[in-house]
Amino acid sequence: MADEQTQEAQRSDGEVARDGGAPADSLSVTDNRTGQSYEVEVVDGTVKAMDFRQIKVSEDDFGLMTYDPAFTNTAACRSEITFVDGDNGVLEYRGYPIDQLCEHSTYLEVAYLLIHGELPAPEQQEAWVYDITHHTFVHENIKKFVEGFRYDAHPMGMLLATVGALSTFYPTAKDIDDDRERYISAVRMIAKMPTLAAFAYRQLLGLPYVYPDNDLDYSGNFLSMLFRMSEPQYEPDPRLTRALDNLFILHADHEQNCSTSAVRSVGSSRVDPYSAVAAGVAALYGPLHGGANEAALAMLDRIGTVENIPDFLEGVKAGDERLMGFGHRIYKNYDPRAQIIKKNVDEVMEVTGKNPKLQIATELEKRALDDSYFTDRKLYPNVDFYSGLIYEALNLPRDMFTVMFAIPRTSGWIAQWLEMQDDPDTKIARPRQIYTGRRELDYLPIDERGSGKPRHPPSTPLKPEATAPGQ
Ligand code: CMC
Numbered sequence: 232m233a234d235e236q237t238q239e240a241q242r243s244d245g246e247v248a249r250d251g252g253a254p255a256d257s258l259s260v261t262d263n264r265t266g267q268s269y270e271v272e273v274v275d276g277t278v279k280a281m282d283f284r285q286i287k288v289s290e291d292d293f294g295l296m297t298y299d300p301a302f303t304n305t306a307a308c309r310s311e312i313t314f315v316d317g318d319n320g321v322l323e324y325r326g327y328p329i330d331q332l333c334e335h336s337t338y339l340e341v342a343y344l345l346i347h348g349e350l351p352a353p354e355q356q357e358a359w360v361y362d363i364t365h366h367t368f369v370h371e372n373i374k375k376f377v378e379g380f381r382y383d384a385h386p387m388g389m390l391l392a393t394v395g396a397l398s399t400f401y402p403t404a405k406d407i408d409d410d411r412e413r414y415i416s417a418v419r420m421i422a423k424m425p426t427l428a429a430f431a432y433r434q435l436l437g438l439p440y441v442y443p444d445n446d447l448d449y450s451g452n453f454l455s456m457l458f459r460m461s462e463p464q465y466e467p468d469p470r471l472t473r474a475l476d477n478l479f480i481l482h483a484d485h486e487q488n489c490s491t492s493a494v495r496s497v498g499s500s501r502v503d504p505y506s507a508v509a510a511g512v513a514a515l516y517g518p519l520h521g522g523a524n525e526a527a528l529a530m531l532d533r534i535g536t537v538e539n540i541p542d543f544l545e546g547v548k549a550g551d552e553r554l555m556g557f558g559h560r561i562y563k564n565y566d567p568r569a570q571i572i573k574k575n576v577d578e579v580m581e582v583t584g585k586n587p588k589l590q591i592a593t594e595l596e597k598r599a600l601d602d603s604y605f606t607d608r609k610l611y612p613n614v615d616f617y618s619g620l621i622y623e624a625l626n627l628p629r630d631m632f633t634v635m636f637a638i639p640r641t642s643g644w645i646a647q648w649l650e651m652q653d654d655p656d657t658k659i660a661r662p663r664q665i666y667t668g669r670r671e672l673d674y675l676p677i678d679e680r681g682s683g684k685p686r687h688p689p690s691t692p693l694k695p696e697a698t699a700p701g702q
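If you're matching positions, the sequence shown starts at 232 in our numbering and goes up one per residue.
Right, here's the structure in full:
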């Protein structure tokens, strides 16, 4: 063991060479254009893209860049928050396995864990829950702002706008180096997200907004703001609050996904955290990210009956359809979140009654996992395959599903934003491009230009076609 440690230390010093030449923790690169060789340091299984800039064909060459348009093999940061092992279906927050957190913890405790790095001691837990509970109300003008949306506004669009609007209500949040400002912004966002989401829901249905009830826990209060009518106090079913809390835990963070990368990228400009989180909400809105649960349920509706599953799967294989709620950029095995949600579906349906779509979903999963098209491509159910069934059982309209994802992901976005502020490697995000366009053209006067096809024409013209008089 001692020998191993010495060897390890020597290697990281770069002093020991396997072949007596290059250091062991390095990559030797030969540029076949010039025949020149370079040593590039390997740290934590990565090489620095900037180390390739030295590789040039001539003095005035810009130097080699790496090309990775969707960051499929590029680490954009160091993080201690969430560990995902996609090949083995492992998910841990700050080292704690997701199944243990779902079994023993609460969403607010998990939010504390993500942000502060440790599970809270009793007095820390009490102070945290107090702080969150006492910041659930929003300024009355936010209410008026939500009231201003059209009757059919999508609640995710309303959430996106109201989270962004919060930055105007808390202008001191832009002092992002101030610890107190950072903390209060984190508390406000986690506390107010359910209020904003519930206001958007009530606006959608044309119902009066329900103010927060600070006697209820986080999930119970959210259900109250969604569903309370004339009763003096809403009494949430503990099985439903538990299931909801579980869903919130499962969705709290997922390392450098599209929306988290958006929060980090926008946050790298040193904008206030409300604006950075609004970018996360926008990214989550898309059907390939948070919008997939909505799309998965619409797909189950389209399939309609178990008998239609084979035809549907043939359509997917022919490339006419996508099996929504299946596949993941990172998980090449069963998404561990999907496994936990599946158990929650049964519990929720004990309270709300069976939904026939559950049978279609279960059968669809079984048949897809029996089919080499899906197993060869390592396509397994992801978190969104079953979550929509729970939301539907809770009587939520489909437009609300992505909003249900945004509420808990807020704690992850904030934890990542805070981590980024303290990381000495943080710089404004600014990818490079490979320019493929034309260069150095001379400006053409309008009457000398041809009328070539525009690159992005509308499928139908916006301007009505001129009609002949009398037609
Ligand atoms: N249905 C059918 N084929 C699929 C699917 C799918 N859901 N997902 C991937 N494939 C195929 C894809 O066509 C490709 O096949 P081929 O090699 O023959 O061209 C192969 O599998 C690899 O797919 P990819 O598009 O390169 O994979 P990706 O890592 O770029 O995409 C994904 C990941 C999640 C966008 C994609 O799997 C997908 O569109 N899934 C459906 C949408 C969905 O459920 N999204 C929720 C993700 S989990 C929640 C979250 O994190 O937001």
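Ideal placement from N, C-alpha and C gives every residue a C-beta, glycine not left out. Every value quoted in this text rests on a predicted model; they were computed, and no experiment measured them.
Under 6 Å: does the beta carbon of residue i sit that close to some heavy atom of the ligand ATP?
i       : result
His-520 : Among the ligands present in this structure, namely the ligand CMC, the ligand ATP is not found.
Rounded C-beta distance between residue i and residue j? I'm assuming under 8 Å.
i       : j       : result
Arg-568 : Leu-322 : 7 Å
Ile-407 : Arg-501 : 6 Å
Pro-467 : Leu-454 : 4 Å
Asp-615 : Ala-527 : 5 Å
Asn-613 : Gly-556 : 6 Å
List the endpoints of the continuous alpha helix (DSSP H) containing residue i.
i       : result
Asp-542 : 540-548
Leu-531 : 523-534
Glu-272 : Element bounds for Glu-272: not the alpha helix (DSSP H) but the beta strand (DSSP E), 267-272.
Asp-316 : Here Asp-316 belongs to no alpha helix (DSSP H); instead the beta strand (DSSP E) covers 313-316.
Met-460 : Premise fails: Met-460 is in no alpha helix (DSSP H) and is neither H nor E.
Cys-333 : 329-335
Met-296 : Unbroken run through Met-296: none, as it is neither H nor E.
Phe-618 : Per the sequence presented here, residue 618 reads as Ser, with Phe not at that position. Its alpha helix (DSSP H) spans residues 614-624.
Cys-489 : 489-498
Ala-422 : 410-436
Tyr-343 : 338-347
Leu-649 : 632-652
Lys-573 : 567-583
Asn-304 : Unbroken run through Asn-304: none, as it is neither H nor E.
Arg-501 : Note, Arg-501: premise wrong, no alpha helix (DSSP H); not H, not E.
Ile-363 : 353-364
Can you tell which of the options has its C-alpha closest to the C-alpha of residue i?
i       : options                               : result
Val-377 : Tyr-432, Leu-620, Ile-363 and Asn-452 : Tyr-432
Met-420 : Ala-342, Leu-600 and Leu-519          : Ala-342
Ala-429 : Met-635, Glu-340 and Glu-334          : Met-635
Met-580 : Ala-624, Arg-553 and Gly-619          : Ala-624
Ser-310 : Tyr-324, Asn-304, Leu-544 and Tyr-298 : Tyr-324
Pro-353 : Asp-444, His-365 and Leu-339          : Leu-339
Pro-295 : Thr-265, Thr-691 and Thr-399          : Sequence check: residue 295 is Leu here, not Pro. Of the listed residues, the one whose Cα sits closest to Leu-295 is Thr-265.
Asn-452 : Arg-663, Val-360 and Ala-493          : Val-360
Val-582 : Arg-470, Gly-317 and Val-508          : Arg-470
Asp-703 : Asn-613, Ala-510, Leu-649 and Ala-422 : Outside the displayed range of the chain (232 to 702) lies residue 703, so it cannot be described from this structure.
Ser-268 : Ala-255, Ile-286, Gly-546 and Thr-657 : Ile-286
Thr-297 : Pro-662, Gly-668 and Phe-380          : Pro-662
Ile-181 : Ile-346, Ile-638, Pro-518 and Phe-293 : No answer is possible for residue 181: the residues shown for the chain start at 232 and end at 702.
Ser-289 : Ala-307, Glu-270, Asp-262 and Val-274 : Asp-262
Arg-413 : Ser-398, Pro-425 and Pro-689          : Ser-398
Val-315 : Lys-375, Met-460 and Glu-486          : Glu-486
Assuming residue i is part of the beta strand (DSSP E), what are its boundary residues?
i       : result
Tyr-324 : 321-324
Glu-378 : That residue, Glu-378, is in no beta strand (DSSP E); its alpha helix (DSSP H) goes 371-378.
Ser-259 : 257-262
Within 8 Å, do at least three Cβ pairs link the stretch 572-585 to the stretch 465-484? yes
Below 8 Å, can you find three or more Cβ-Cβ pairs linking the stretch 592-610 to the stretch 508-526? no
**Asked** Does the stretch 601-613 come within contact of the stretch 559-566, defined as at least 3 CB pairs closer than 8 Å?
**Response** yes
Between the stretch 638-648 and the stretch 530-545, do at least 3 Cβ pairs fall closer than 8 Å? no
Check: Taking contact to mean at least 3 C-beta pairs separated by less than 8 Å, is the stretch 439-450 in contact with the stretch 364-374?
Finding: yes
### Segment contact, 8 Å Cβ cut-off, at least three pairs: the stretch 503-517 with the stretch 388-404
yes
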